[in-house]
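Just so we're aligned, residue 1 is where the sequence shown starts under the UniProt record's numbering, counting upward by one. From the three backbone atoms N, C-alpha and C, an ideal C-beta is built for every residue, glycine too. Okay, structure first, notes after.
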Amino acid sequence: MTAAQLPRVAPEVTATLVEDLSPRLRKRLDAAVTKLGARPVQHDGDTVTIAVDEETDLRLHAPGGVVVTADAITCGCLLAPACVHRAAAACAAPTADPAPEPAGPQDATAVEPASRPDDTVSAPDVASPAQRAAAEAVWSAAAAVLEAGVDGAGAVAQAALLRAAHTARLQHLPRVAGAALSVVTLLRAARAGDPSYRTAGLVTALADVLGIAHRMGTASGTELAALRGRSRRPYSPDGSLRLYGLFTEPVVTGSGHGGVRTWVAGPDGRLFTVGDVAPGGVGRALGVADRAVRLGESALTHRELGRAGLAVSGATVSPDGRLGAGKGVRAVTARGAAWTEPPLAALWEVPPSQQAARALRSTSRYADPDAGGSDLLFLDIELRGLVREPGGACLLASCDGGVTVRLTVADDDPALAHRDNLMLLATAPGTRLRIVGRLVPALHPRLALLACSHPTGEGTIDLGLDRLRRADLPVPDARVGPAPQEPGDAGAYSPLHLLERRVEQTVPAGRAALGMLGDVSAETRRLRRAGLPTAAGLLTALCASAARRERDRFGRLLPADTDGFATHWLAAARYSSAVSESLCAAAWEPA
Numbered sequence: 001m002t003a004a005q006l007p008r009v010a011p012e013v014t015a016t017l018v019e020d021l022s023p024r025l026r027k028r029l030d031a032a033v034t035k036l037g038a039r040p041v042q043h044d045g046d047t048v049t050i051a052v053d054e055e056t057d058l059r060l061h062a063p064g065g066v067v068v069t070a071d072a073i074t075c076g077c078l079l080a081p082a083c084v085h086r087a088a089a090a091c092a093a094p095t096a097d098p099a100p101e102p103a104g105p106q107d108a109t110a111v112e113p114a115s116r117p118d119d120t121v122s123a124p125d126v127a128s129p130a131q132r133a134a135a136e137a138v139w140s141a142a143a144a145v146l147e148a149g150v151d152g153a154g155a156v157a158q159a160a161l162l163r164a165a166h167t168a169r170l171q172h173l174p175r176v177a178g179a180a181l182s183v184v185t186l187l188r189a190a191r192a193g194d195p196s197y198r199t200a201g202l203v204t205a206l207a208d209v210l211g212i213a214h215r216m217g218t219a220s221g222t223e224l225a226a227l228r229g230r231s232r233r234p235y236s237p238d239g240s241l242r243l244y245g246l247f248t249e250p251v252v253t254g255s256g257h258g259g260v261r262t263w264v265a266g267p268d269g270r271l272f273t274v275g276d277v278a279p280g281g282v283g284r285a286l287g288v289a290d291r292a293v294r295l296g297e298s299a300l301t302h303r304e305l306g307r308a309g310l311a312v313s314g315a316t317v318s319p320d321g322r323l324g325a326g327k328g329v330r331a332v333t334a335r336g337a338a339w340t341e342p343p344l345a346a347l348w349e350v351p352p353s354q355q356a357a358r359a360l361r362s363t364s365r366y367a368d369p370d371a372g373g374s375d376l377l378f379l380d381i382e383l384r385g386l387v388r389e390p391g392g393a394c395l396l397a398s399c400d401g402g403v404t405v406r407l408t409v410a411d412d413d414p415a416l417a418h419r420d421n422l423m424l425l426a427t428a429p430g431t432r433l434r435i436v437g438r439l440v441p442a443l444h445p446r447l448a449l450l451a452c453s454h455p456t457g458e459g460t461i462d463l464g465l466d467r468l469r470r471a472d473l474p475v476p477d478a479r480v481g482p483a484p485q486e487p488g489d490a491g492a493y494s495p496l497h498l499l500e501r502r503v504e505q506t507v508p509a510g511r512a513a514l515g516m517l518g519d520v521s522a523e524t525r526r527l528r529r530a531g532l533p534t535a536a537g538l539l540t541a542l543c544a545s546a547a548r549r550e551r552d553r554f555g556r557l558l559p560a561d562t563d564g565f566a567t568h569w570l571a572a573a574r575y576s577s578a579v580s581e582s583l584c585a586a587a588w589e590p591a
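This is the structure:
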């Protein structure tokens with residue numbers, strides 16, 4: 001049995017079932033989850049049956065694919081309903097996204113897209129006592145997860161965080177609730193050995209939920225509104241739009257979904273997307289590219305839209321630029337524009353450093369999810385050749401101001417054209433191209449290459465879908481020398497990693513991973529010599545907090561200061577992220 005075979009379970013259902021267990025059964029819960037994972041599963045309509053053993057079945061009733069009450073999970077064993085099996089099934093299943101709560105007096109953002117400005121509800125200047133209490137509960141549960149680390153944060157710790165997330169949602173705090181659910185999802189992936197799991201992702205998720213919960217106690221006004229978030233990301237009316245296609249990219253997710261996303265731009269340079277992503281993986285991504293776009297009466301396929309245009313009336317747009325396809329939307333095919341023609345040409349006229357700064361605001365680990373913006377960069381480059389890196393090969397290119405950019409593949413799946421196209425372009429140093437890439441935050445300029453002008457100058461190439469041929473490349477210029485093996489980016493060797501690795505080291509094994517480090521004075525001296533005294537101080541404080549354990553008058557160890565350690569860790573995590581982003585932005589400045 002895998003999690004994907006089970007229906008999604010509402011967070012409050014999992015929390016309730018775990019809380020109802022006796023202390024003895026809670027100790028057996030993690031083992032029960034593992035054991036249940038090896039049992040066969042059968043589907044019959046809205047009911048999923050797990051064979052606990054040869055004589056006992058466990059059933060999850062999930063109308064619409066979601067288990068919404070504790071009574072919907074039943075077990076046929078002799079100890080039911082007070083058995084461990086029901087809680088184990090809930091803990092093994094994916095967590096359902098909570099349904100939006102009705103707008104309440106504390107929820108200034110939960111208004112229908114069609115509401116008039118004077119229909120909105122005014123938000124209080126400060127959080128209510130109940131909201132602060134809910135945020136504190138999330139903080140405590142997340143701090144306990146950090147204290148224990150992935151190895152120690154089993155089903156009981158996860159259930160506590162799910163309960164806190166549910167309470168936060170009821171108090172109209174969808175942003176912190178969603179952040180808490182993300183932590184649980186990543187914890188389960190880590191403990192299950194999911195190959196798509198990355199420790200850095202859990203670091204970000206933990207720092208995000210702790211940061212939001214911490215700031216709820218003192219925030220007010222617009223900051224408080226941003227911290228509350230919105231229970232849904234509505235599509236708001238945007239009138240009539242004249243759109244020009246840019247390119248289409250395949251989308252393949254670790255959860256088995258596949259499809260495409262087509263990027264278009266308005267006359268003012270605003271970027272929008274039209275997507276079609278559903279279960280199906282890379283095969284679906286390749287097939288959907290030649291299907292009609294789901295937008296009004298347009299008969300264009302996604303590939304065609306990436307090079308054509310649309311005239312849209314009754315348009316609706318989400319905060320992140322996605323175009324809605326509601327019944328009131330009308331769209332007809334219109335003339336497109338070349339990348340060298342207005343209005344698209346203006347996208348390439350913005351200096352690279354300004355584009356990178358804008359993209360960083362969008363890709364920041366802790367950016368407001370409703371802030372909008374795009375992580376795309378539009379550059380004119382000259383290819384220099386292939387360079388080998390520890391993580392693989394990348395293509396070097398030069399852009400305005402003497403900035404050297406590393407171009408990498410957006411997706412390494414061999415069924416997509418990204419890798420083959422990049423390797424072929426690497427054989428044509430000296431070629432000048434107009435490209436679109438996605439910023440990869442790093443201590444040196446780095447982009448995931450998405451699209452480029454055709455090397456012959458005619459048309460454009462969607463690098464994940466179209467395949468270049470050697471005949472498409474210009475004849476190599478013998479005067480072009482070999483690419484340097486390693487660009488001289490001083491910022492790429494910042495000792496900031498001395499702090500970053502300790503922040504990341506905490507997540508798998510918890511406080512104990514740092515508590516046994518001992519003296520870190522050599523690392524702090526290196527940080528100070530590099531002009532990072534704040535990083536040195538944060539590292540010292542973090543390790544000291546991890547090792548600190550007080551004793552009572554009889555010499556017995558007192559409970560650890562979980563809140564204090566979480567505060568030090570959060571400060572180090574957020575500082576590391578801010579400095580990394582600053583170094584990334586500086587790397588894009590002209591030499």
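Report task. Using alpha carbons as the reference points, say which of 59, 85, 49 and 557 lies closest to residue 28. Result -> For residue 28, the nearest C-alpha among the options comes from 85.
Query raised in the report: Who are the Cβ neighbours of residue 51 in its own chain at under 7 Å, not counting the five residues just before and after it?
Result: Here the set comprises 39, 40 and 57.
**Report entry** Closest residue to residue 274 among 571, 388 and 289 (Cα-Cα distance)
**Finding:** Of 571, 388 and 289, the residue nearest in Cα terms is 289.
Query raised in the report: Start and end of the beta strand (DSSP E) containing residue 43?
Result: For residue 43, the enclosing beta strand (DSSP E) covers residues 41-44.
Requested in this report: On a CA-only basis, which of 322, 466, 344 and 295 is nearest residue 328? Give me that one, please.
Outcome: Ranked by Cα distance from residue 328, the options 322, 466, 344 and 295 are led by 295.
Query raised in the report: Is DSSP giving residue 263 helix, strand or coil here?
Result: Three-state DSSP puts residue 263 in a strand.
Query raised in the report: If you run the structure through DSSP and keep just helix, strand and coil, what is residue 86?
Result: Note: residue 86 maps to helix in three-state DSSP.
Query - CA nearest to the CA of residue 151, picked from 409, 190 and 49 - result: Residue nearest to residue 151 within the set 409, 190 and 49 is 190 (criterion: CA-CA distance).
Query raised in the report: Can you name the start and end residues of the alpha helix (DSSP H) that residue 568 belongs to?
Result: Membership of residue 568 in the alpha helix (DSSP H) is indicated by the continuous run 562-587.
Query - Counterpart residues of residue 398 in DSSP-defined beta bridges - result: Residue 398 pairs with 382 and 404.
Query raised in the report: Hey, out of 425, 161, 340 and 581, whose CA is closest to residue 176's CA?
Result: Distances from the CA of residue 176 to each of 425, 161, 340 and 581 were compared; the closest alpha carbon is that of 161.
Requested in this report: Answer yes or no: do residue 308 and residue 266 have a C-beta to C-beta separation smaller than 8 Å?
Outcome: It is not a contact, given that the beta carbons lie outside the stated cut-off.
Report task. Give me the Cα-Cα distance between residue 550 and residue 197, rounded to the nearest whole angstrom. Result -> One C-alpha to the other measures close to 36 Å.
Report task. May I ask you to list the residues that DSSP assigns as paired with residue 313? Result -> Paired residue(s): 330.
Query raised in the report: Smallest Cα separation from residue 53: which of 392, 75 and 62?
Result: Closest by alpha carbon: 75.
Report task. State the CB to CB distance for the pair residue 426 and residue 395, rounded to an integer number of angstroms; the pair is presumed to be in contact (CB under 8 Å). Result -> Between the beta-carbon of residue 426 and that of residue 395 there is about 5 Å, and that keeps the pair under the 8 Å contact cut.
Query raised in the report: Do residue 142 and residue 210 have their CB atoms nearer than 8 Å?
Result: Result yes, Cβ atoms of residue 142 and residue 210 sit closer than 8 Å.
Query raised in the report: Who are the near neighbours of residue 208 in its chain, counting only those whose CB is closer than 8 Å to its CB and skipping five residues on each side?
Result: 179, 182, 365 and 366, listed in sequence order.
Query raised in the report: For residue 43, is the classification buried or exposed, using 16 other Cβ atoms within 10 angstroms of its Cβ as the cut-off for buried?
Result: The residue in question, residue 43, is exposed, as its Cβ has fewer than 16 Cβ neighbours within 10 Å.
**Report entry** the region 407-423 / the region 334-346 touching (three or more Cβ pairs under 8 Å)
**Finding:** Contact check between the region 407-423 and the region 334-346: fewer than three CB pairs, one atom from each, fall below 8 Å, which does not count as touching.
Query raised in the report: Which two residues bound the contiguous alpha helix (DSSP H) that contains residue 147?
Result: Taken as a continuous stretch (DSSP letters only), the alpha helix (DSSP H) holding residue 147 covers 129-152.
Query raised in the report: Name the DSSP beta bridge partners of residue 447, please?
Result: According to DSSP, residue 447 shares a beta bridge with 407 and 439.
Report task. Find out if the Cβ-Cβ distance for the pair residue 302, residue 248 is shorter than 8 Å. Result -> Contact: yes.
Query raised in the report: Once you ignore the five residues that flank residue 575 on each side, which residues in its own chain have a CB closer than 8 Å to its CB?
Result: These residues qualify, in order along the chain: 499, 534, 535 and 538.
Query raised in the report: Would residue 557 be called buried (16 or more neighbouring beta carbons within 10 Å of its own) or exposed?
Result: So residue 557 ends up on the exposed side.
Query raised in the report: To which residues of the same chain is residue 402 closer than 8 Å at the C-beta, ignoring the five residues directly before and after it?
Result: When the five nearest sequence neighbours on each side are left out, the beta carbons in the same chain lying within less than 8 Å of the beta carbon of residue 402 are those of 590 and 591, in order along the chain.
Query - Range of the contiguous alpha helix (DSSP H) that encloses residue 543 - result: From DSSP, the alpha helix (DSSP H) with residue 543 extends over 533-547.
Report task. Within the same chain, show all residues whose beta-carbon is closer than 7 Å to that of residue 509, passing over the 5 residues directly before and after it, in chain order. Result -> Closer than 7 Å at the Cβ level, and outside the excluded window around residue 509, lie 149 and 151.
Query raised in the report: By DSSP, does residue 249 sit in helix, in strand, or in coil?
Result: Note: residue 249 maps to strand in three-state DSSP.
Query raised in the report: For the alpha helix (DSSP H) that residue 462 lies in, which residues bound it at each end?
Result: Note, residue 462: premise wrong, no alpha helix (DSSP H); beta strand (DSSP E) at 460-462.
Query - Distance, residue 458 Cα to residue 334 Cα - result: Each residue's Cα considered, the two are about 20 Å apart.
Report task. Note down, in chain order, each residue of its chain lying with its Cβ closer than 6 Å to the Cβ of residue 475, except the 5 sequence neighbours on either side. Result -> Taken in chain order, the list of residues that qualify is empty.
Query raised in the report: For the candidate residues 88, 34 and 66, whose alpha-carbon lies nearest to that of residue 47?
Result: Of the candidates 88, 34 and 66, the one whose C-alpha sits nearest the C-alpha of residue 47 is 66.
Query raised in the report: What number of angstroms, rounded off, separates the C-alpha of residue 238 from the C-alpha of residue 287?
Result: Their backbone Cα atoms lie some 30 Å apart in a straight line.
Query raised in the report: DSSP state of residue 645, grouped into three classes?
Result: Here the chain comprises residues numbered 1 to 591, so residue 645 is not present and cannot be evaluated.
Query raised in the report: With DSSP run on the structure shown, which of helix, strand or coil describes residue 101?
Result: Model confidence at residue 101 stands at a pLDDT of 49, short of 50, so the residue's coordinates are unreliable; what they give is reported in the following sentence. Judged by DSSP in its simplified three-state form, residue 101 adopts coil rather than helix or strand.
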